[in-house]
Every structure is written in C-alpha cells, then in structure tokens.
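Numbering (full-length UniProt numbering), first residue to last: 1 to 332.
Listed below in structure tokens is the structure:
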C-alpha cells in the first residue's frame with residue numbers, strides 16, 4: 001500500500017507528540033532516513049514518510065483514516081470486462097448463463113421489477129462499488145466488507161452511503177439497522193460476476209411477493225358453486241357443503257382429503273375479491289346493478305331528439321319537426 005504522510009498529517013495519532021518539531025524527530029527515527037521510507041513531497045520543502053515505517057498499531061489507525069476519506073469521495077468504480085470473475089456459486093453461475101444465452105429472459109426480468117426493487121438494487125451496487133474501491137486502495141476484501149458493515153450499523157458511514165445502506169436492507173422495522181457481512185459479501189460477488197448494469201439490476205434486486213389472484217386458487221371455483229346462490233347461505237354453511245363435496249370427490253385419495261382448505265383460508269381468499277365479484281350470483285335485479293361500476297354514455301353518437309328520457313310521470317307535449325308537421329308524445 002502506497003500511503004505517504006507529512007508531519008502535519010500525523011497530528012492526533014496515539015503516542016505521538018503534539019509539536020510538529022517533535023513529530024518530525026519521531027518520524028525521522030521511524031524511517032532511519034531510509035530513502036524508501038522518506039522523501040520530499042512534490043512542490044514543497046516538507047518531507048513525507050511511508051506508512052510501512054510506522055508501528056503496526058499506528059498503521060491500522062492510518063489505514064482506517066485513509067479508507068474513511070476514500071468513502072467520502074463519490075467516485076464510481078468501473079469494472080472492466082476483463083475483470084469479471086466467474087462465480088463460485090452454482091446457482092449464480094446458472095442464472096447468469098441463462099440470461100446471457102437468452103437476452104429476452106433478462107429483458108423480461110428487468111421489465112417486471114418495480115421502482116422500489118430497482119432503487120434497492122442500485123443501493124446494493126453502490127455499496128459493492130465502495131468495497132471494490134477500498135480493495136483497489138490496498139485493503140483486503142474481508143476487511144473492507146467488515147468496515148462498511150460495522151459503520152452501517154453504527155450510522156458512521158458518509159451520508160450518501162448510509163442512505164444506500166438503509167435502502168439496501170429491504171427490511172422493515174426500526175430495530176433492523178445496518179447490513180450484514182454475509183449480505184455485503186454476496187452483493188460484491190454478484191457485482192464482480194456481472195458484466196453490465198442490466199445483469200446487476202436483475203440479480204441484485206430483492207424478491208417481490210406478488211399476491212395470488214383468486215382465479216389462481218384451484219379450489220375456489222368449487223366453493224363458489226355453493227356460495228353463489230340467491231338464497232344467500234352463510235359462509236360457514238357453504239363451507240360445510242364444500243367439505244362434503246370434497247370428501248365425496250377425493251374419497252379414494254387420502255393426500256387430497258388431508259389437503260382440504262380450512263375455513264379461515266377460504267375466508268381470506270373471499271375477502272380479497274371485490275365486493276361486486278364476491279356478491280355475484282347471490283343478488284339480482286337493482287341490488288346487483290347498484291354494485292356495477294358507473295358507465296358514462298356517449299350521447300354524441302345520437303342525433304338531436306334521437307332519444308328521450310322521462311321520469312315516468314304523466315307528460316303530454318307537442319314537438320315541431322322540420323317537415324312542418326307536429327308530433328304528439330305522451331307518456332304515462
């Protein structure tokens with residue numbers, strides 16, 4: 001690691017004197033005036049000293065400061081195609097091969113992502129970039145991941161990275177803070193294994209729980225046969241009839257007999273249905289019509305006086321037409 005420090009930059013280090021003159025003397029003692037450890041800083045008269053001449057415990061402190069300053073800079077890390085690594089994970093390698101062999105699959109997967117999923121994937125990619133940045137500055141991968149993980153829990157990261165860490169979690173709850181070492185290691189692996197932004201977006205995005213539609217429930221039509229009755233049987237009564245039919249239909253299949261849905265499962269699926277669909281077949285006439293959505297009619301397709309609407313009360317009127325004749329309209 002090539003880190004050089006001048007005397008002014010050593011102020012505040014543990015076991016170091018406070019006066020610059022004494023700090024220079026200490027540094028000269030550490031370097032032994034070896035040209036490999038001491039040189040004149042370009043453009044100045046001051047000397048600077050290589051990190052390797054410091055004691056080991058001081059070196060760790062200097063590295064921590066150096067890496068913290070590096071995290072403050074918002075410089076993106078670009079992974080060249082030649083730097084792309086083959087993942088060790090069999091599942092990750094399989095997913096990548098499928099997406100590269102079938103680009104349409106990648107396009108579909110990216111197209112199905114929600115805005116929130118894309119934001120989380122971007123946050124995870126940003127944290128992976130910061131790990132790679134520290135690695136290029138001389139840190140080991142394990143140390144870089146551990147540093148960012150610990151600082152994310154302590155809210156000690158720079159503001160832009162702390163926001164990314166909070167977003168990358170994709171978890172709810174005030175007690176769940178920071179990111180784990182294991183998760184960050186996984187994101188770095190994905191970032192290094194992918195070759196473009198679309199692949200990273202598809203693999204770094206979290207899963208999205210999609211609610212199952214009622215029509216996707218295999219047993220629901222069998223229950224609706226009993227539910228959609230104008231006599232309006234209660235749900236418990238319909239469930240009793242449904243269970244009776246289930247036992248008759250699957251009497252020779254013990255596995256299916258034990259898989260009969262519970263009353264609570266049926267109630268949950270029924271509550272997911274819109275009221276209009278839930279009440280279909282149970283009500284008729286104006287009551288059923290009242291649940292239908294309002295449809296605004298397009299009157300522009302009718303000629304003038306092509307349609308008359310009356311309120312049902314007695315009405316007598318005469319209408320003068322263009323042919324100089326009079327029509328009588330009467331309603332009761």
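Glycine residues also receive a C-beta, built at the ideal position from the N, C-alpha and C atoms.
Note that the coordinates shown come from a computational prediction; the quantities given were computed from them, not determined experimentally.
Item                                                                                                                                                                           : Value
Under DSSP, the beta strand (DSSP E) around residue 48 begins and ends at which residues?                                                                                      : 47 to 50
According to DSSP, which residues form a beta bridge with residue 348?                                                                                                         : Here the chain has residues from 1 to 332 only, and residue 348 is not among them.
Secondary structure at residue 88, three-state DSSP: helix, strand or coil?                                                                                                    : coil
In the structure shown, what three-state DSSP assignment does residue 135 receive?                                                                                             : helix
Buried or exposed, going by whether 16 or more other CB atoms sit within 10 Å of the CB of residue 127?                                                                        : buried
From what residue to what residue does the alpha helix (DSSP H) around residue 302 run?                                                                                        : Here residue 302 belongs to no alpha helix (DSSP H), and DSSP marks it neither H nor E.
Closer than 8 Å by C-beta to residue 41: which residues in its own chain qualify, once you throw out the five before and the five after it? Chain order, please.               : 4, 6, 47, 48
Classify residue 357: buried if its beta carbon has 16 or more other beta carbons within 10 angstroms, exposed otherwise.                                                      : Outside the shown range of the chain (1 to 332) lies residue 357, about which nothing can therefore be said.
Within the same chain, show all residues whose beta-carbon is closer than 7 Å to that of residue 16, passing over the 5 residues directly before and after it, in chain order. : 10, 23, 26
Could you check where the alpha helix (DSSP H) with residue 222 kicks off and where it finishes?                                                                               : 220 to 227
Closest to residue 170 by C-alpha separation, out of 206, 192, 153, 274, would be which residue?                                                                               : 206
Are the Cβ atoms of residue 178 and residue 152 separated by less than 7 Å?                                                                                                    : yes
Going by DSSP, which residues form a beta bridge with residue 283?                                                                                                             : 280
CA-CA distance, residue 244 and residue 285?                                                                                                                                   : 31 Å
Compute the Euclidean distance between the alpha carbons of residue 237 and residue 220, then round it to the nearest angstrom.                                                : 15 Å
Would you call residue 261 buried or exposed, if buried means 16 or more other Cβ atoms sit within 10 Å of its Cβ?                                                             : buried
Please list, in chain order, all residues of the same chain as residue 198 whose beta carbon is under 7 Å from its beta carbon, the five residues on each side excluded.       : 106, 110
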